[in-house]
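The sequence shown begins at 1462 in the numbering used here and counts up one residue at a time. Comments concern the structure below.
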Amino acid sequence: MKKLGLIILVGMGLASASVFAHDNDNEYIEQQQAMYRPAHNNGVGYQVNHLNRMLNHVRGEFSRYGAGWRVRRELGHISAEVNHVNSEYRQGDYGSGHIRSEIEHIHAELHDVEVRLHVRAGDYYRWQ
C-alpha cells in the first residue's frame, strides 16, 4: 500500500512538472512569434521583416548547398543592402516608394542566388 501511494505521489509530481514545462514552451513560442510580428506601416514593416527572413533562409541554403566565392561575395553585398534597408526603416524613411522598390530589387537578387545555388524547387523561400 505504501508503494502504491508513493507511485501515485511521484506520478502526480511528474504530471505537474510536464504541465509547467508545456506552459513555458507556449510562452517561448509566443515570444518567437512576436519577433516576427512587425507594426504594419502600410505593409512596409511586414516586407522588411520578410526580407530579413529570406536573407537568413538563403544564408542557410548557402551553408547547405555550398557555392563559390562569387556567390559568397554577392551574398555579402546583398546583406549590406538589407542592412541599409533596415536602417532606413528604423529611421522612419518609408513614406515614399523608394524602400519598397529596394525590397523588390533585393528579393529578386536573393532569388537569383537561390537559383545559382541549384536549390531544389521545394526549398525556395516562399514570398507571399
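Just so it is clear, CB atoms sit at the ideal spot from N, CA and C, and this is done for glycine as well. Keep in mind the model is a prediction, meaning the values are calculated, not measured.
DSSP on Leu1578, reduced to helix/strand/coil?
Here residue 1578 corresponds to residue number 117 of the sequence shown, with the count starting at 1. Looking at Leu1578 - three-state DSSP - the assignment turns out to be coil, as it is neither helix nor strand.
Can you give me the C-alpha to C-alpha distance between Ala1541 and Glu1570, rounded to a whole angstrom?
In the sequence shown, counting from the first residue as 1, residue 1541 sits at position 80. In the sequence shown, counting from the first residue as 1, residue 1570 sits at position 109. Between Ala1541 and Glu1570, the C-alpha separation is close to 13 angstroms.
Could you say which of His1545, Asp1554, Arg1525 and Ala1528 lies nearest to Leu1512 if we only look at CA atoms?
To locate residue 1512, count along the sequence shown from 1; it is residue 51. Considering only alpha carbons, the answer is His1545.
Could you tell me the distance, in whole angstroms, from the CA atom of Glu1514 to the CA atom of Leu1470?
Within the sequence shown, the letter at position 53 stands for residue 1514. Within the sequence shown, the letter at position 9 stands for residue 1470. As written in the sequence, residue 1514 is Arg, which differs from the Glu given in the question. In this model, Arg1514 and Leu1470 are separated by some 47 angstroms (Cα to Cα).
Please report the distance separating the alpha-carbon of Arg1520 from that of Gly1556.
The count along the sequence shown starts at 1 and reaches residue 1520 at position 59. The count along the sequence shown starts at 1 and reaches residue 1556 at position 95. One C-alpha to the other measures close to 29 angstroms.
Using CA coordinates, which residue listed in Met1473, His1538 and Ile1468 is at the minimum distance from Val1574?
Counting from one through the sequence shown, the residue named residue 1574 turns up at place 113. When only C-alpha atoms are compared, the closest one is His1538.
Around the Cβ of Ile1468, are there at least 16 other Cβ atoms within 10 angstroms (buried) or fewer (exposed)?
For the purposes of this step, residue 1468 is taken as residue 7 along the sequence shown, with counting starting at 1. Exposed.
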